[in-house]
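If you read the sequences in order, they're chains A and B. Under our numbering, the first sequence has 3 at position 3, and the numbering climbs by one with no breaks. Under our numbering, the second sequence has 1060 at position 60, and the numbering climbs by one with no breaks. Take a look at the structure set out below.
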Amino acid sequence: AQKITQTQPGMFVQEKEAVTLDCTYDTSDQSYGLFWYKQPSSGEMIFLIYQGSYDEQNATEGRYSLNFQKARKSANLVISASQLGDSAMYFCAMREGADSNYQLIWGAGTKLIIKP
Amino acid sequence: KAGVTQTPRYLIKTRGQQVTLSCSPISGHRSVSWYQQTPGQGLQFLFEYFSETQRNKGNFPGRFSGRQFSNSRSEMNVSTLELGDSALYLCASSLYTDTQYFGPGTRLTVL
Chain A
1 AQKITQTQPG MFVQEKEAVT LDCTYDTSDQ SYGLFWYKQP SSGEMIFLIY QGSYDEQNAT
61 EGRYSLNFQK ARKSANLVIS ASQLGDSAMY FCAMREGADS NYQLIWGAGT KLIIKP
Chain B
1001 KAGVTQTPRY LIKTRGQQVT LSCSPISGHR SVSWYQQTPG QGLQFLFEYF SETQRNKGNF
1061 PGRFSGRQFS NSRSEMNVST LELGDSALYL CASSLYTDTQ YFGPGTRLTV L
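Set out below in structure tokens:
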């Protein structure tokens, strides 16, 4: 079974609109971390936002927020007021279990294109 | 602070050759992880090093190996290259177990 599922292979969004990128995860661990990364066409993976499983509040970083619904095992990324520079691949990733596990498990990604 | 650097950025090799990729982490970061990214398999974890010790290893054949030096710089080696090894190889560093910060990647093409 997929540990991280991103159901939107691609999305087109009008500039300045808000966009939600979906991510669901599957784990039996109580302690885990969820990450979102952005990968422009240049290839570099850029960290956007992090949510720990015990964090009670949704994470926020500037225009990025994470809509964390633990019971649904969902960690959607919300980008407010999208910009042309937001066009890129977006990956959801999870680190499971104890702090001794440093491996990130990745979703397949969503290609986001912002239209002017 | 300088980010994660990877060299070389691009490589072209032929089947059967071996290749070594280098990664310099962010200053002060002691953990270095390697990932392979291909269109077919997506992003897959290769291994992670901390203080010159491999702590985690992904599900890759023994042709893929790595090491970390005392200055936290890491190298990854692939021996007997196969066409399927063509990929973007990403290196990431972190302080300990927290957020991983990635370098620009090395794009390897095997002919």
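Every residue gets a Cβ at the ideal spot worked out from N, C-alpha and C, and that includes glycine. Note that the structure is predicted; figures quoted are calculated from it, not measured.
DSSP links A/E61 through a beta bridge to A/Y64. Interface with chain A (8 angstroms Cβ-Cβ cutoff): B/F1064 is excluded. Annotation for B/N1056: the continuous beta strand (DSSP E) segment containing it runs 1053-1057. For the region 33-63 of chain A, residues whose beta-carbon sits nearer than 8 angstroms to a beta-carbon of chain B comprise F35, Y37, S42, G43, E44, M45, I46, F47, Y50. For B/T1007, the CB contacts under 6 angstroms within the same chain, skipping 5 residues up- and downstream, are S1022 in chain order. Scanning A/A75, A/M11, A/M94 for the CA closest to the CA of A/C23 turns up A/A75. Identification of residues in the region 80-92 of chain A having a C-beta nearer than 8 angstroms to some C-beta of chain B yields F91, given in sequence order.
Look at A/L77 here: in three-state DSSP terms it is strand. Beta-bridge annotation (DSSP): B/F1060 is not paired with any residue.
Judged by pairs of C-beta atoms under 8 angstroms, the region 1028-1038 of chain B touches the region 1074-1093 of chain B, as three or more such pairs exist.
B/G1066 is not a Cβ neighbour of B/E1052, given a cutoff of 8 angstroms.
Taken through DSSP and simplified to helix, strand or coil, A/G43 comes out as coil.
Nearest in C-alpha terms to B/Q1017, of all of B/L1083, B/T1106, B/Q1054, is B/L1083. With fewer than 16 other CB atoms across the displayed protein chains lying within 10 angstroms of its CB, B/I1012 is exposed.
In terms of Cβ geometry, B/V1078 and B/V1019 form a close pair [threshold 8 angstroms].
Assigned with DSSP and collapsed to three states, B/L1081 falls in coil, not helix or strand. In the DSSP annotation of this structure, the continuous segment of the beta strand (DSSP E) that includes B/Q1044 starts and ends at 1042-1050. Here the alpha carbons of A/T60 and A/K38 stand approximately 15 angstroms from one another.
Taking a beta-carbon distance threshold of 8 angstroms, B/T1014 does not count as an interface residue toward chain A.
Take A/E15, set aside five residues on each side of it, and the residues of its chain with a beta-carbon closer than 7 angstroms to its own are S82, Q83, L84, I114, K115, P116, in chain order. Shown in chain order are the members of the region 1075-1104 of chain B whose Cβ falls below 9 angstroms from a Cβ of chain A: L1088, L1090, A1092, S1094, Y1096, T1097, D1098, T1099, Q1100, Y1101, F1102, G1103, P1104. Taking a C-beta distance under 8 angstroms as the contact criterion, B/L1046 and B/G1062 do not qualify as a contact pair.
For B/P1025, the number of other beta carbons within 10 angstroms of its own is at least 16, and it is reported as buried.
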